[in-house]
Structure formats: C-alpha cells, structure tokens
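Report on the following structure.
In the numbering used here, the protein residues as written are 15 to 131.
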C-alpha cells in the first residue's frame, strides 16, 4: 500500500473513532452512516476497494466514486460501502463492499464484494 493510501486510512480510522467517542449515545458495535462521504480520505477507501477487488477478480472494474456507507466500531472498524463504478463493458454500476480496518496493524481486509441491490 502506498504512503498516501496509508495516511488516508489512518486519518479515516482516527475520524471514525473520534466520531464514535464524540457520540456516547451510540452503542459499541452499532452501525451508523459514514460522515461526509465526499471527503477525499473516505473516497480513497472506495478506490482501494475497487483496486483490491480487481486484483482478485481481474474483471476490469473502474472506480467512479463512493456513494454511501455505514461503519461499525468494535474490534477495528467494519464498513459497508456502496460504490459507483464502471463495469468491464463501460456501463455504470453500483457495488456493495464490506471491509474491516484494523488501525493498530495498518491492515484492511476486503470481506465481500458484489453488485448492489
């Protein structure tokens, strides 16, 4: 992973934890919407998901933008993202990706990737 991507993930993770700590009404493990999906660091996570998926599936999907998402803070951060991308035929399509971030190990894992309903 490149330096800017690591920085983006760390900034996102810090923001997610700060958001969680600033909102005591939210229970540990509860899902809540991502704040400001237009933030460049959050958009970079969507780009990473597409790059990781293409490494595995070799299907030529191209990232357009992260549309929406939700996060769950627990043992790291779980994310459920909706990503707008172009499929191999050049058509616009939406995909749902689930990933797990472990900031203390600087590790993310793409758990699933599929067309969004």
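Cβ coordinates follow ideal geometry from the N, Cα and C atoms, glycine included.
Legend entry - Own chain residues within Cβ distance below 6 Å of residue 61, not counting five before or after: Taking the chain shown and counting its residues from 1, the one referred to as residue 61 is at position 47. Cβ within range, chain order: 77.
Legend entry - Length of the line joining the Cα atoms of residue 101 and residue 51: By 1-based counting over the chain shown, the position of residue 101 is 87. By 1-based counting over the chain shown, the position of residue 51 is 37. Their Cα atoms are separated by approximately 22 Å.
Inset, instruction - Can you tell me which of the three DSSP states residue 40 falls into? - result: Taking the chain shown and counting its residues from 1, the one referred to as residue 40 is at position 26. In this predicted model, residue 40 has a pLDDT of only 48, less than 50, meaning its place in the structure is not dependable; the value taken from the coordinates is given anyway. Residue 40: coil per DSSP, three-state reduction.
Legend entry - Own chain partners of residue 105 with C-beta closer than 7 Å, once the 5 adjacent residues on each side are dropped: Counting from one through the chain shown, the residue named residue 105 turns up at place 91. Same-chain partners within the cutoff: there are none.
Inset, instruction - Could you pull out every unbroken beta strand (DSSP E) segment of at least 3 residues lying fully inside the stretch 49-126, listed in chain order? - result: 76-88, 90-100 and 106-116
Inset, instruction - For my contact list, residue 63 and residue 113 are in at a C-beta cut-off of 8 Å; report their separation, rounded to the angstrom. - result: Counting from 1 along the chain shown, the entry for residue 63 is found at position 49. Counting from 1 along the chain shown, the entry for residue 113 is found at position 99. The Cβ separation is near 6 Å, so the contact holds.
Legend entry - residue 42 classed as buried or exposed, judged by whether at least 16 other C-beta atoms fall within 10 angstroms: Counting from one through the chain shown, the residue named residue 42 turns up at place 28. By the 10 Å Cβ count, residue 42 comes out exposed.
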